[in-house]
Amino acid sequence: MLVDLFHYLTTPAPWSHRRRGYLRESVLLLSRSRRCRTAWEPHLTRARAVIMRACEGLPRYRTVVVLGSGLLDDVPLDHLARRFTRIRLVDAVHPWPTRWTVRHRPDVTLVTADLTRPGAVPDHGGGPEIDLVISANLLSQLPILPVDGSGGADPQLGGRIVRAHLDGLSRLAARVCLVTDVLQTEEDRDGRVTDRLDLLHGVPLPTPDAAWTWDLAPFGEAARDRRLVHRVHGYADWHAALGGPDRP
Ligand SMILES: C[S@@+](CC[C@H](N)C(=O)[O-])C[C@H]1O[C@@H](n2cnc3c(N)ncnc32)[C@H](O)[C@@H]1O
Numbered sequence: 198m199l200v201d202l203f204h205y206l207t208t209p210a211p212w213s214h215r216r217r218g219y220l221r222e223s224v225l226l227l228s229r230s231r232r233c234r235t236a237w238e239p240h241l242t243r244a245r246a247v248i249m250r251a252c253e254g255l256p257r258y259r260t261v262v263v264l265g266s267g268l269l270d271d272v273p274l275d276h277l278a279r280r281f282t283r284i285r286l287v288d289a290v291h292p293w294p295t296r297w298t299v300r301h302r303p304d305v306t307l308v309t310a311d312l313t314r315p316g317a318v319p320d321h322g323g324g325p326e327i328d329l330v331i332s333a334n335l336l337s338q339l340p341i342l343p344v345d346g347s348g349g350a351d352p353q354l355g356g357r358i359v360r361a362h363l364d365g366l367s368r369l370a371a372r373v374c375l376v377t378d379v380l381q382t383e384e385d386r387d388g389r390v391t392d393r394l395d396l397l398h399g400v401p402l403p404t405p406d407a408a409w410t411w412d413l414a415p416f417g418e419a420a421r422d423r424r425l426v427h428r429v430h431g432y433a434d435w436h437a438a439l440g441g442p443d444r445p
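The sequence shown begins at 198 in the working numbering and counts up by one.
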């Protein structure tokens, strides 16, 4: 609790991001990721593997952009650093562990941005020097605070935010790697599914290169006799998954 408070009070974040809850979510993510370290490791390993595959065979290795860099838990930073000249990390909040990790790395730039803002994906992922853009376990997170904040007034809002991010990625000239959770199931101790939640608000995705489960909240984390499991999709080359560079 005290550690959370320390992060809440001291993490640099724009006032508007604090007010809209991004800092609170980032602090909660930090503490949950540390509590669930063992349960999350298989998911993080799979996510890093997709990102490493996305690095293969690029014509040039100038700038790589990571959208939703957060704690860098799913980002193989050293692997990227060995290949690319510059690394740009984009998130609403850059927590202390990430700031600490990159503090002596002149090749790494931290960009603080709200990626639901119109034009955010081309603004941060477009440009002639960018050879790879990674959307790292971000997509399903994008609608959460806006939908909560709207109080359910606009039932289409979540789907529009998801669609806008995917459309933005689809229009980028660089190779795009997408890792995202798509479905949450709640299970009891007998393995029965007690609830399901479409994390992408009805927006369908093409067949992934890899798919796996993420033990997001093991028994005892969110509830004693319930666990939350997420289905995750990984696309090493999003344009290829869509069937070509121009198809949104
Ligand atoms: C599930 S976490 C994954 C973070 C990171 N890939 C990792 O493994 O640590 C989702 C990230 O999305 C970020 N995020 C959520 N909504 C955002 C928004 N509107 N703009 C920018 N980042 C956002 C959060 O701050 C968080 O770092």
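All residues carry an ideal CB built from backbone N, CA and C; glycine is no exception.
Model, not experiment: these values are computed from the prediction.
A distance below 6 Å between beta-carbons, with the five flanking residues on each side excluded, links VAL330 to the following residues of its chain, in chain order: VAL262, GLY322, LEU369, ALA371 and VAL373. A straight-line Cα-Cα distance of about 6 Å links ARG386 and ASP422. For THR377, the pairing in a beta bridge is given by DSSP as HIS430. ASP387 sits in coil when the DSSP states are folded into three classes, being neither helix nor strand. Counting every other CB atom within 10 Å of its CB across the protein chains shown gives THR391 a total below 16, marking it as exposed. Between the segment 274-289 and the segment 299-313, the count of C-beta pairs closer than 8 Å reaches three or more; the two stretches touch. For THR242, the secondary structure class from DSSP, reduced to helix, strand or coil, is helix.
Cβ atoms of ALA433 and VAL247 come within 8 Å of each other, at about 5 Å. Around VAL429, the same chain offers ASP378, TRP409 and TRP411 as residues with beta carbons nearer than 6 Å, after the five sequence neighbours per side are excluded.
The C-beta separation of LEU335 from LEU268 comes to about 12 Å, leaving the pair out of contact by the 8 Å criterion. Rounded to whole angstroms, the separation of the alpha carbons of GLN353 and LEU397 is 11 Å. Judged by DSSP in its simplified three-state form, VAL263 adopts strand. The beta carbons of VAL318 and VAL359 sit about 12 Å from each other, so the pair does not count as a contact at 8 Å. Here THR282 is exposed, its C-beta having fewer than 16 other C-beta atoms within 10 Å. The beta carbon of ALA244 is closer than 8 Å to those of ASP271, ALA333, ASN334, VAL376, VAL429 and GLY431 in its chain, skipping five residues each way along the sequence. Counting the other CB atoms within 10 Å of its CB gives GLY348 a total below 16, which places it among the exposed residues.
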